[in-house]
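Participant: Protein chains in written order, with UniProt numbering: chain A, 1 to 356; chain B, 1 to 356. Beta carbons: idealized from backbone N, C-alpha and C, even for Gly. This structure is in structure tokens; I'll ask about it shortly.
There are 2 protein chains.
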Amino acid sequence: MRGGNWVGVVGRRLRKQASYGSHSTSSPPEYPNILGPNLPDVWTSTTQSHRPQSSGNFSASGNTATIIDGKPIAEEIKFRIAGEIQRMKTAIGKSPGLAVVLVGQRRDSKTYINIKLRACEKVGIATVIAELPENCTESELLDVVSRFNEDPSVHGIFVQLPLPQHLDEEKIMTVVSPEKDVDGFHPLNMGNLAIKGRQPFFIPCAPKGCIELLLRFGVEIFGKRSVVIGRSKIVGLPIALLLQRHHSTVSTVHSFTKNPEQITSQADIVVSDVGIPNLVQGNWLKPGAVVIDMGTNLVKDPSSRHGFRVTGDVCYEEAIKVVSAITPVPGGVGPVIISMLLSNTLESAKRAFGFT
Amino acid sequence: MRGGNWVGVVGRRLRKQASYGSHSTSSPPEYPNILGPNLPDVWTSTTQSHRPQSSGNFSASGNTATIIDGKPIAEEIKFRIAGEIQRMKTAIGKSPGLAVVLVGQRRDSKTYINIKLRACEKVGIATVIAELPENCTESELLDVVSRFNEDPSVHGIFVQLPLPQHLDEEKIMTVVSPEKDVDGFHPLNMGNLAIKGRQPFFIPCAPKGCIELLLRFGVEIFGKRSVVIGRSKIVGLPIALLLQRHHSTVSTVHSFTKNPEQITSQADIVVSDVGIPNLVQGNWLKPGAVVIDMGTNLVKDPSSRHGFRVTGDVCYEEAIKVVSAITPVPGGVGPVIISMLLSNTLESAKRAFGFT
């Protein structure tokens, strides 16, 4: 992998042995069908056809909600990825590569990138980071992205957002090759996610993590009512599209929805990604619902060492008395999202190398 | 425009003066904002921010529902388009061109194509039709599409569906240049329709016609509950995406939805495109709702001259007693859809020629 050989870009290479150790499985394990089963819509004029209930959702049972802990799942996924990468190295002498592009010196961006780099390192994904100054030109940035597009050792390109105001984020995200768009934000990938039966190269990491958790916890999605609160292109929109591909009946609630609590209270599955602590209160939730809280909000907390704590969009204390299962924040979906980035990068490398 | 210069393809040219006559307006008239206003989602933790109601929807008033007649609107749009094309011809000596691709001899496909060709002819859009035999190879078809992609006199390419089974529809639709994809089905255009703030080159004709009718009849979409029944890539999916861009709260009902009537009965706006006559009965509808019936179904009718008649998905006789406005079938959205194809072709030509 090349890196750091152009003006204004500092490349550094991290290529280490997977710290998860070797994985003895020679064939890839079964992945859950994240895109959902491809079923024709068969309507009848008098009744709707329903698949028989193979398994119910969690039942409402007072305050015995299941806590959907993402950490062990994330660890298990990373372990599996590390094993797959080890198998790839052994078989063809190659590993996946992820290129990260950072413009400017935002501290939070650097923190996020470091978390991703460490995760890559642990599973054996080679990484290269291109750092550009805050005042770089659009053409300099596009040049960096184009080089990564051409580089056969790069299988995923990750442009850290937000970009400085003077850069056209939409344009830059569209220049990332759809085949290396491990974020899944390229409109071609989003379109192929939206259109039933089509296969995007990548599913965005947050929605993929959300569905992964639902599937692993045996939550039935098929035929269930889902409400997605928030409609960002990163989370809300692709989650709604993905839930629909799993044949859920999806409603999207947003800031201009007049009665969000009333609509949300009809849902079997609630996914929230809004950025407002405690927006979703207990009375918004149907007894027995499953809640995936994608919000990550910092709230003041004098009792905490740093003076604040991280919380989601859902009032956890109230929700836990009503719902059948819920993701805590932190520790719910968050850890799984990064493992989805690793998974997308591995998938991309497998495709590039024709490795199965 | 070239046509008919390759084996197995019969090209014919139709290039006539617009029969709508000249249009004296020199600047383009204002188009309604089909993509919806681009507003940031601003949430607050305790209340949802709502735009003040500028105008209410139609009010429920017994059986005095407004009949949304698409024919005069379609005529008005075509008149405007003809005027625009006349203005273009006068100013730069150019006109828009639409290429139609037909594989095989399906009678219904030929009928649809003829309707489109006649509509093009009337407004002054030049057309070329490539007819390929039923047993043509994929590469022959792809070659035809590629030639149209390269042809600067072609601004829109329309591949008539369905294609014979042996041809990969998905692949062929993806080969159509997104900049000439007047159908709006290319995943890149669908992705850009889905992502808030982005501009697809084209909005699919049926959804565009649906929104055009809602806007022209002054139906408030902003903040209203919408239910889209059906989720095809041609109608249901893009309509849901478009209604959401207009800040409606959208639920999509499909064949695996357990209680479609209950969900539909909450909607201020109902759009149906399922293909089941009388699926949507009176008790599915909220009093005062606005109904856009996109279904086109043939039902037996011995009293009719041909032994059948065309009907929509909605039980019109029941609905009209409940709703505030409804599109009849035939004569509602249908006529507007074709004018949207003309509008997309004109838009494309304007873009290509830099003509404003």
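Is B:E220 helix, strand or coil by DSSP?
Facilitator: Residue 220 of chain B sits at position 220 when you count from the first residue of the second sequence. Of the three classes helix, strand and coil, the one that applies to B:E220 here is coil, per DSSP.
Participant: Taking A:L132 and A:V144 to be in contact with their CB atoms under 8 Å, please state how far apart those CB atoms are, rounded to whole angstroms.
Facilitator: Along the first sequence, read from residue 1 onward, the residue named residue 132 of chain A stands at position 132. Along the first sequence, read from residue 1 onward, the residue named residue 144 of chain A stands at position 144. Rounded, the Cβ-Cβ distance is 7 Å, consistent with contact.
Participant: Return the chain-ordered ranges of every alpha helix (DSSP H) run that is complete within the stretch 57–141 of chain B and spans a minimum of 4 residues.
Facilitator: Entirely contained in the stretch 57–141 of chain B, the alpha helix (DSSP H) runs reaching 4 residues are, in chain order, 70–92, 107–123.
Participant: Taking the straight line between their C-alpha atoms, what separation do you get for A:I129 and A:G312?
Facilitator: Stepping through the first sequence from its first residue, residue 129 of chain A is reached at position 129. Stepping through the first sequence from its first residue, residue 312 of chain A is reached at position 312. C-alpha separation (whole angstroms): 30 Å.
Participant: DSSP state of A:D183, grouped into three classes?
Facilitator: Residue mapping note: residue 183 of chain A aligns to position 183 of the first sequence, counting from 1. In this structure, A:D183 counts as coil in the three-state DSSP scheme.
Participant: Using a cut-off of 7 Å between C-beta atoms, extract the partners of A:M190 located in chain B.
Facilitator: Position 190 of the first sequence holds residue 190 of chain A. Result: G191, A194, I195.
Participant: Buried or exposed: B:I77, going by 16 or more other Cβ atoms within 10 Å of its Cβ?
Facilitator: Taking the second sequence and counting its residues from 1, one reaches residue 77 of chain B at position 77. So B:I77 ends up on the buried side.
Participant: Where do the N-terminal and C-terminal ends of the alpha helix (DSSP H) with B:V253 fall, by residue?
Facilitator: For the purposes of this step, residue 253 of chain B is taken as residue 253 along the second sequence, with counting starting at 1. It is not in any alpha helix (DSSP H) - B:V253 instead sits in the beta strand (DSSP E) that spans 249–253.
Participant: Three Cβ pairs or more, each shorter than 8 Å: is that satisfied between the stretch 146–154 of chain A and the stretch 173–192 of chain A?
Facilitator: Touching, yes.
Participant: Which of helix, strand or coil does DSSP assign to A:G156?
Facilitator: Position 156 of the first sequence, counted from the first residue, corresponds to residue 156 of chain A. Correct three-state label for A:G156: strand.
Participant: For a quick check, are the C-beta atoms of A:F217 and A:H247 less than 7 Å apart?
Facilitator: Within the first sequence, numbered from 1, the residue matching residue 217 of chain A stands at position 217. Within the first sequence, numbered from 1, the residue matching residue 247 of chain A stands at position 247. Their beta carbons are not under 7 Å apart, which means A:F217 does not touch A:H247 by this criterion.
Participant: Could you list which residues in chain B have their beta carbon closer than 8 Å to that of A:L237, in chain order?
Facilitator: In the first sequence, the residue the question calls residue 237 of chain A occupies position 237. Those within 8 Å of A:L237 in chain B are A194, I195, K196.
Participant: When you compare the CB positions of A:V271 and A:V228, do they come within less than 7 Å of one another, or not?
Facilitator: Numbered from 1 along the first sequence, position 271 holds the residue referred to as residue 271 of chain A. Numbered from 1 along the first sequence, position 228 holds the residue referred to as residue 228 of chain A. Yes.
Participant: Here's a check: name, in chain order, each residue in its chain whose Cβ is nearer than 8 Å to the Cβ of A:K110, leaving out the five neighbours to either side.
Facilitator: By one-based count along the first sequence, residue 110 of chain A stands at place 110. Excluding residues within five positions, the ones whose Cβ falls inside 8 Å are L102.
Participant: Using the Cα positions of A:L285 and A:D41, report the straight-line distance between them to the nearest angstrom.
Facilitator: Locating residue 285 of chain A in the first sequence gives position 285, where the first residue counts as 1. Locating residue 41 of chain A in the first sequence gives position 41, where the first residue counts as 1. Whole-angstrom Cα-Cα distance: 29 Å.
Participant: What's the gap between the Cα of B:K196 and the Cα of A:I67?
Facilitator: Your numbering for residue 196 of chain B matches position 196 in the second sequence. Your numbering for residue 67 of chain A matches position 67 in the first sequence. C-alpha separation (whole angstroms): 33 Å.
Participant: Measuring CB to CB, does B:N297 end up less than 7 Å from B:G275?
Facilitator: As a position in the second sequence, residue 297 of chain B is number 297, starting the count at 1. As a position in the second sequence, residue 275 of chain B is number 275, starting the count at 1. Yes; because the gap between Cβ atoms is below 7 Å, this pair is in contact.
Participant: Select from B:T252, B:F308, B:L242 the residue whose C-alpha is nearest the C-alpha of B:N38.
Facilitator: The residue given as residue 38 of chain B occupies position 38 in the second sequence. B:N38 has its Cα closest to that of B:L242, out of B:T252, B:F308, B:L242.
Participant: With respect to the beta strand (DSSP E) encompassing B:A264, which residues constitute its N-terminal and C-terminal limits?
Facilitator: As a working mapping, residue 264 of chain B is identified with position 264 in the second sequence. The sequence given here places Thr at residue 264 of chain B; Ala does not occur at that position. Premise fails: B:T264 lies in the alpha helix (DSSP H), 260–264, not in any beta strand (DSSP E).
Participant: Using the rule of at least 16 other Cβ atoms within 10 Å of the residue's Cβ for burial, across every protein chain shown, is A:Q244 buried or exposed?
Facilitator: Counting from one through the first sequence, the residue named residue 244 of chain A turns up at place 244. Burial call: buried.
Participant: Can the beta-carbon of A:G97 be found closer than 7 Å to that of A:V176?
Facilitator: Counted from its first residue, the first sequence places residue 97 of chain A at position 97. Counted from its first residue, the first sequence places residue 176 of chain A at position 176. The answer is no: Cβ separation not under 7 Å.
Participant: Check whether the Cβ atoms of B:K224 and B:D168 sit closer than 7 Å, and answer yes or no.
Facilitator: As a working note, residue 224 of chain B is residue 224 in the second sequence. As a working note, residue 168 of chain B is residue 168 in the second sequence. Against a cut-off of 7 Å, the Cβ pair of B:D168 and B:K224 comes out as no contact.
Participant: Does the distance from the CB of B:D293 to the CB of B:T327 come in under 7 Å?
Facilitator: For the purposes of this step, residue 293 of chain B is taken as the residue at position 293 of the second sequence. For the purposes of this step, residue 327 of chain B is taken as the residue at position 327 of the second sequence. Cβ atoms of B:D293 and B:T327: closer than 7 Å.
Participant: Going straight from the alpha carbon of B:I338 to that of B:N114, what length do you get?
Facilitator: Numbered from 1 along the second sequence, position 338 holds the residue referred to as residue 338 of chain B. Numbered from 1 along the second sequence, position 114 holds the residue referred to as residue 114 of chain B. If you take the alpha carbons of B:I338 and B:N114, they lie about 11 Å apart.
Participant: Are the CB atoms of B:V123 and B:L341 within a distance shorter than 7 Å?
Facilitator: Within the second sequence, numbered from 1, the residue matching residue 341 of chain B stands at position 341. Within the second sequence, numbered from 1, the residue matching residue 123 of chain B stands at position 123. No, they are not a contact pair.
Participant: Anyone know if the C-beta pair for A:T257 and B:T257 falls short of 7 Å?
Facilitator: Along the first sequence, read from residue 1 onward, the residue named residue 257 of chain A stands at position 257. Along the second sequence, read from residue 1 onward, the residue named residue 257 of chain B stands at position 257. Going by C-beta atoms, A:T257 is not nearer than 7 Å to B:T257.
Participant: Please return the same chain residues whose Cβ sits closer than 8 Å to the Cβ of A:I92, not counting the five positions on each side in sequence.
Facilitator: Stepping through the first sequence from its first residue, residue 92 of chain A is reached at position 92. The answer, listed in chain order, is F353, F355.
Participant: Between A:I157 and A:P207, is the Cβ-Cβ spacing less than 7 Å?
Facilitator: Translated into positions along the first sequence, residue 157 of chain A becomes position 157. Translated into positions along the first sequence, residue 207 of chain A becomes position 207. Cβ distance not < 7 Å, so A:I157 and A:P207 don't count as in contact.
Participant: Closest Cβ-Cβ distance between B:T47 and chain A: below 7 Å?
Facilitator: For the purposes of this step, residue 47 of chain B is taken as the residue at position 47 of the second sequence. Caution is warranted here: a pLDDT of 39 is assigned to B:T47, below 50, making its placement in the model unreliable, and no coordinate value can be reported.
Participant: Establish whether the CB of B:F79 and some CB of chain A are separated by less than 7 Å.
Facilitator: Walking along the second sequence from the start, residue 79 of chain B turns up at place 79. False, the Cβ-Cβ gap to chain A never drops below 7 Å.
Participant: Within its chain, find whatever has a CB closer than 6 Å to the CB of A:P330; leave out the 5 residues flanking it on each side and keep chain order.
Facilitator: Position 330 of the first sequence, counting from 1, holds the residue named residue 330 of chain A. Excluding sequence neighbours, A:P330 sits near V310.
Participant: Would you say A:V336 and A:E220 are within 7 Å of each other, going by their C-beta atoms?
Facilitator: Position 336 of the first sequence, counted from the first residue, corresponds to residue 336 of chain A. Position 220 of the first sequence, counted from the first residue, corresponds to residue 220 of chain A. Not a contact, by the Cβ cut-off of 7 Å.
Participant: Who does A:T311 pair with in a DSSP beta bridge?
Facilitator: Translated into the one-based positions of the first sequence, residue 311 of chain A becomes position 311. DSSP lists A:N297 as partners of A:T311.
Participant: Going by DSSP in three states, B:A240 sits in which element: helix, strand or coil?
Facilitator: If you number the second sequence from 1, residue 240 of chain B lands on position 240. B:A240 falls in the helix class under three-state DSSP.
Participant: Would you grab the beta carbon distance between A:I234 and A:S251 for me? Rounded to a whole angstrom, and I think it's under 8 Å.
Facilitator: Taking the first sequence and counting its residues from 1, one reaches residue 234 of chain A at position 234. Taking the first sequence and counting its residues from 1, one reaches residue 251 of chain A at position 251. Actually they are not in contact, since the Cβ atoms of A:I234 and A:S251 sit about 19 Å apart, beyond 8 Å.
Participant: Output yes if chain A places a C-beta closer than 7 Å to the C-beta of B:S251; else output no.
Facilitator: Indexing the second sequence from 1 puts residue 251 of chain B at position 251. Yes, B:S251 counts as interfacial toward chain A.
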